[in-house]
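Remarks on the structure that follows.
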Amino acid sequence: MAEPAYEDRFAPGERVGILPLGALDRLLDYKASAEGLAPGAFVEVPLGPRQIVGIVWGPGTGEVPEARLRPVTRVLDAPPLRAPMREFLGRAADYTLTPLPAMVRLATRAPGLTEGQAMRHVYRMGPREIGRMTDARTRVLAVLRDHPEMSFTLGELAGMAGVGTAVIKGLVQQGAVLEAEAARDRPYPVLDLDAKGVSLTPDQMLAAAALRIGAEARSYNTTLLKGVTGSGKTEVYLEAVAETLRQGRQALVLLPEIALTGAFLARVEHRFGAPAAEWHSGMTQTERRRLWRMTATGGASLVVGARSALFLPFRDLGLVVVDEEHDTSYKQEDGVLYNARDMAVLRASIEKSQVILASATPCLESWHNAEIGKYARLTLPARVGLAVLPTVKAVDMRLEDIARGNWVSPTLANAVAHRLEREEQSLLFINRRGYAPVTLCRSCGHQLGCPHCDARLVEHRFMRRLMCHQCGETQPMPIACPDCGAEGKLSPVGPGVERLAEEVASLFPTARTAVLSSDLYGSAKSLKEAIEQIADGAADIIIGTQLVAKGHNFPKLTLAGVIDADLGLYGSDLRAAERTFALMRQVSGRAGRADAPGEAMLQTYQPHHPVIQAILRGDDEGFWRAEADGRRMAGMPPFSRLAGIVLSSEDAQDAMDKAVEMARNKEPLAKIGAEVWGPAPAPIARVRGRHRVRLLVKADRGAPLQDAIARWAAQFRFPSDLRLTIDIDPQSFM
């Protein structure tokens, strides 16, 4: 890998600005240590009576007189944060109105970061020969002779030679094997870039060629790779990955769901002969430390991960792929609020890298950017091989004779039965976790709610608990109504995935069923294993929530049934139509991905709704044009900008009073032509015991929104109990 350009070091004693890795939101001035300092270095500095860790961020501020400057205590054994990474973190903080230290913490969450490089004992061929040989000793030395450039851990060498560790230690004592210390965090396996991938279709070859040219340019560019489900987008962008690695640069592939990493890593290993590095919440602390260091030093060429992988300190990042770029999982809704898709574009522009946004149903913002020429666009219009897109039909629930308390229509049930006869798989999708969304007392009408939130408790019958999906509160299912005390009167209302599974078991008692919902798996590993088993044919009927719509490939699946296609159309969410369209298309796309033709059936009470009609016609472009026209007429994103403002307090009146004060004193916003809507209680007005009040700021597309909001918020004093949250480009309005 080519050496990146290094920044000039700060001279010994020179004033430097240190950014503490703590709560302080400002640079502190210190003197560079005797050996000088590299920009971005991790250091230990004195602050009052204690020592804290910080990063050499740049020149000092000059706020402290020279005579009072204290020297940096020591430089830590960690790779420095490069200038492009520091610029990215600073600009991301400015864009999201996040304190810089909070943004930097996203990039420094590796365990043991400040403890230095961990070491391990390794073994290799020694200089001496020994007189008495045994079969065991011969095998050890044969392994070392066959791999003269390699060092092995004790366990690795013992395993390869088929001997006990005592044999190796005996050889060390006699000098035939050398024992040495080496860094524990080893580079990841080198990928074979000359390995031949799968044969590409003409459409795929054209798209891959364009992406390879983008990688060769070594400059910023963004491409929307739009391909129907099953069109082979992954194989196309893996060609861009290969070209990026040939250029000596690193590549990052972001996935929206941890459960997707298993199948994707298998495809990478098949393509390149070695696995990629992976980064997500299911990793061990040891692996997190290793990957953080290897991305910084160039020892990891390809990383596959969740949205937080975007904050790894890559040495020379040349490509970022955002797979399923429309997925709402890319928006971080807690803590630091950011959209990984948008931040990927920002980071690539700084790193002079290529971005590939891949999806069958891109978000309207990406589609619009491609329409106006801001992004390049590549299209894969057909599935690979013999597979064809599934036929999509609406099941008009107004005409179905369905028993009360049932949710699977006779038409859909018959279609499932036909698949069972043909030994094919069926998928039944419902976008509700748990057993039932509402538990109602049939005696007094009381609905069981969360004690800390204005949200209903959802029954999870498999766990025998009630759960709040806002704060995570769980309770055992009560025997009596907590309001009127009546026993035996609590009744589930509406379907969830668990209730649907119960109905399917009664309809098809001999069928093998599998329920895919994030609540039912204790770890990412167990979820991956379940998905792999289903793909191998371990289930006849899959019953799933939104999890099943995220890019999974079940070769034997030929029927996808949506229980309530109307669910996402309700309410006033700005993106309701777009999200419903994308979700239905993604669910439908799970069917017929191999040789057997597929069919999708949407149960709906509104078969003539424009969104349902667009799905039935397969008119993606028509839907996006109509949706864009509607947004343009309403002055909504992507033709304007929004910011969500939430004030929360344990006292509802305090939150509302402060929100009213902010709405009345909006001069900084008025100067840029921005409008302030509200205040009003948030749709879910109480979460975790705190009352929430919302304001919405709307501005023209080119207006300096962040600067105006920062000046607006700076006018006000907020009591310690009152929290202000600013969400630039909000995706959720709850």
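According to the UniProt record's numbering, the sequence shown is numbered sequentially starting from 1. Built from N, CA and C at the ideal position, the CB exists for glycine as well.
Going by C-alpha positions, Val693 is about 9 Å away from Gly678. Assignment of Gln51 by DSSP, reduced to helix, strand and coil, places it in the strand class. Here Pro202 carries a helix assignment [DSSP, helix/strand/coil].
For Glu503, the closest of Leu89, Leu178, Tyr435, Ala628 by C-alpha to C-alpha distance is Tyr435. The C-beta of Ile534 has 16 or more other C-beta atoms within 10 Å across all chains shown, which makes the residue buried.
In the three-state reduction of the DSSP assignment, Pro410 falls in the helix class. Relative to the Cα of Arg398, the nearest Cα in the group Phe639, Ile55, Pro607 belongs to Pro607. Under a 10 Å Cβ-count criterion, Phe716 is classified as exposed, with fewer than 16 other Cβ atoms of the shown protein chains found around its own Cβ. In this structure Gly90 is not in contact with Gly60, their Cβ atoms being roughly 17 Å apart against a cut-off of 8 Å. Residue pairing from DSSP leaves Arg585 without any beta-bridge partner. Sequence-distant Cβ neighbours of Ala539 in its own chain, meaning closer than 8 Å and more than five residues away, are Gln425, Arg512, Thr513, Ala514, Gln533. Judged by their CB atoms, Ala643 and Leu427 are not nearer to each other than the 9 Å cut-off. In the structure shown, Ser517 falls within a coil segment according to DSSP collapsed to helix, strand and coil. As computed with DSSP, Asn221 is found in a beta bridge with Gln354.
Of Gly673, Asp651, Leu647, the smallest CA-CA separation from Met662 is found for Leu647.
Residue environment for His270: exposed (fewer than 16 other C-beta atoms within 10 angstroms of its C-beta).
Counting only residues of its own chain and dropping the five nearest sequence neighbours on each side, His280 has a CB closer than 8 Å to the CB of Ile258, Thr261, Gly305, Ala306, Ser308, Ala309, Ala524. Contact between Leu76 and Leu19 does not hold, since the beta-carbon distance rounds to 14 Å and is not under 8 Å. Two segments are said to touch when three or more pairs of C-beta atoms, one from each, lie closer than 8 Å; by this definition the stretch 199-215 touches the stretch 225-239. In the three-state reduction of the DSSP assignment, Asp657 falls in the helix class, which pools H, G and I. Residue pairing by DSSP puts Tyr30 in a beta bridge opposite Val16. Sequence-distant partners of Leu420 (beyond 5 residues in either direction) whose C-beta falls short of 7 Å from its own C-beta, in its chain, are Phe508, Ala511, Asp540. Rounded to the nearest whole angstrom, the CA to CA distance from Gln447 to Leu490 is 9 Å. With a threshold of 16 other beta carbon atoms within 10 Å, Phe429 meets it and is buried.
Distances from the CA of Arg145 to each of Ala714, Arg290, Ala161 were compared; the closest alpha carbon is that of Ala161. Between Ala158 and Thr165, the beta carbon gap of about 5 Å places them in contact (Cβ cut-off 8 Å).
Straight-line spacing of the CA atoms in Ala655 and Cys468 works out to 23 Å.
Scanning Ser640, Cys471, Ala703, Phe554 for the CA closest to the CA of Leu669 turns up Ala703. Inclusion of Leu346 and Ala92 in the CB contact set at 9 Å is warranted, their separation being smaller than that value. Contact annotation: Cys481 and Cys450 have beta-carbon atoms that are not nearer than 9 Å.
Listed in chain order, the non-local C-beta contacts of Val143 below 8 Å within the same chain comprise Phe152, Leu157, Met160, Ala161, local neighbours out to five positions each way being set aside.
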